[in-house]
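Step one of this worksheet: look at the structure below.
Residue numbers (my numbering): 19 to 508.
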């Protein structure tokens, strides 16, 4: 009897976890998505997040998103930027009215290069500025007249320097046209070149060209980085001058040949007050443009923050895009590490302490099953797509004994979201840029967990049953013993 009393009392004081299913009654119009994803081979300049809903909304997300550059060794760099589109960059020089055909009428000044001639150009010139383009790229076609004009400016500066030297010697010379052109080449501040990546695919891959146009600057045969500033002749001339000064002319202005190009570029492109106002506005923001000359070949980007999405099926995707470039699909690698991905408002430590005891073992892992997973693509035109079934889970927190704390925490929701996930490797057409895609769907059925305790009347009924049963058994035993004893006495 004592053992029964003990076991019944223990069962009364303990609780069991009750799971129930019901229609999701959550009336919130949006749900929060928390994420921290590292793109292993995608620059922050190109990494963007778009959200698409079946309700018809589609947006490029900039708010609540932070981007941290990752170097080629996987080390996160200092905070650099948020996920904002670079809409303030002048994509071509609008002051140039001539078409590329008209500029080519007297010959091409921007030198077309290939594998062999690029190597020769880098050996024979201190400075080489190359436009890696694709003939189908709209941004490249818009830039072509600007680039050709820049080359003409360089040639004009070189001719002026040669003529000035001849004037110092009386203005007469016995040079042939070939010698004269060689002298002009020597005085050229920088060789302006161009490479068509459609015709020279392997050469562009060797130079890690991922978007068109890409403007690379070479010093003494070595790449010193990409130009990401305003694409006007004057701004390009300022950039060339800054690069030459950094290389060898910081303390001696006479050594900087390209300083003369700025004046020529202004004379060539600034013809009206409107052109002057545009040039002044662009120059005012020049100091804000950061040029990094020694990036690794494969920098990455860590994107973290949260999204507010409609409570309807949809997707969000991390992709490479730029308003100023057409991206090379075959060079876009969206391999990624999911450091964290969950739905709903993050739980406070207090709420986790009160909720987790009322959930099944391993519940916390079901709310973030992607954490720590690595998804690497080994071939071009591939990307991983992830599919998430999101289940609303209502949890009854344990009661707070501290009345003050309970009052302060009364508005904290006892709600979490479990995720059923699957992933697959998707193939893309050759002209489509791959993207890391996360497709989600909310289950109409919600799960609830709560602790179930025995009612006090159930406990009393069980105690009475134990007492009554004990007396009954004892009475039966006594009656049986009495009957046996009576028979023996006879």
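The beta-carbon is built from N, C-alpha and C at its ideal position, and this holds for glycine as well.
Neighbour-count burial assignment, residue i, 16 or more Cβ in a 10 Å radius
i: residue 63; result: buried
i: residue 396; result: exposed
i: residue 337; result: buried
i: residue 320; result: buried
i: residue 154; result: exposed
i: residue 41; result: exposed
i: residue 156; result: exposed
i: residue 500; result: exposed
i: residue 287; result: buried
i: residue 390; result: exposed
i: residue 326; result: exposed
i: residue 56; result: buried
i: residue 359; result: buried
i: residue 6; result: The shown model of the chain, from 19 to 508, leaves out residue 6, and the question about it has no answer.
i: residue 546; result: Lying outside 19 to 508, the shown extent of the chain, residue 546 is not represented and no answer is given.
Span of the beta strand (DSSP E), counted from its first residue to its last, around residue i
i: residue 348; result: No beta strand (DSSP E) holds residue 348; DSSP gives it neither H nor E.
i: residue 319; result: 318-328
i: residue 334; result: 332-338
i: residue 381; result: No beta strand (DSSP E) holds residue 381; the alpha helix (DSSP H) holding it covers 381-384.
i: residue 107; result: No beta strand (DSSP E) contains residue 107, which DSSP labels as neither H nor E.
i: residue 86; result: 83-88
i: residue 213; result: 209-214
Those residues which DSSP pairs with residue i across a bridge
i: residue 393; result: 354
i: residue 433; result: 412
i: residue 221; result: Answer is none; residue 221 lacks a bridge partner.
i: residue 232; result: 150
i: residue 240; result: 237
i: residue 130; result: 212
i: residue 48; result: 328
i: residue 444; result: 401
i: residue 39; result: 465
i: residue 6; result: Beyond the ends of the chain as shown, which are 19 and 508, falls residue 6; an answer cannot be given.
i: residue 77; result: 69
Where residue i sits in the DSSP three-state scheme
i: residue 477; result: helix
i: residue 53; result: strand
i: residue 284; result: helix
i: residue 100; result: Because residue 100 carries a pLDDT of 46, less than 50, the predicted location of this residue cannot be relied on, and the following value inherits that uncertainty. In this structure, residue 100 counts as strand in the three-state DSSP scheme.
i: residue 34; result: strand
i: residue 360; result: strand
i: residue 404; result: strand
i: residue 268; result: Any reading at residue 268 needs caution, since the residue's pLDDT is 49, under 50, leaving its predicted position unreliable; the model's value is listed next. It is coil, neither helix nor strand.
i: residue 147; result: strand
i: residue 161; result: helix
i: residue 294; result: helix
i: residue 438; result: strand
i: residue 369; result: helix
i: residue 312; result: For residue 312, the predicted model reports a pLDDT of 45, less than 50, meaning its position is unreliable; a value from the coordinates is still stated below. Here residue 312 sits in coil by DSSP.
i: residue 168; result: helix
i: residue 178; result: helix
i: residue 388; result: coil
i: residue 300; result: helix
i: residue 279; result: helix
i: residue 124; result: helix
i: residue 376; result: helix
i: residue 305; result: Because residue 305 carries a pLDDT of 44, less than 50, the predicted location of this residue cannot be relied on, and the following value inherits that uncertainty. Correct three-state label for residue 305: helix.
i: residue 342; result: coil
Residue range of the unbroken alpha helix (DSSP H) whose run includes residue i
i: residue 138; result: 133-142
i: residue 28; result: 20-31
i: residue 65; result: Not the alpha helix (DSSP H): residue 65 falls in the beta strand (DSSP E), residues 65-71.
i: residue 252; result: 251-262
i: residue 120; result: 118-121
is_contact[residue i, chain D] using C-beta, thresh 8 angstroms
i: residue 475; result: No chain D is part of this structure, which consists of one protein chain only.
Residue ranges of each beta strand (DSSP E) run of no fewer than 3 residues wholly in the stretch 450-506, ordered along the chain?
-> 453-460 and 463-471
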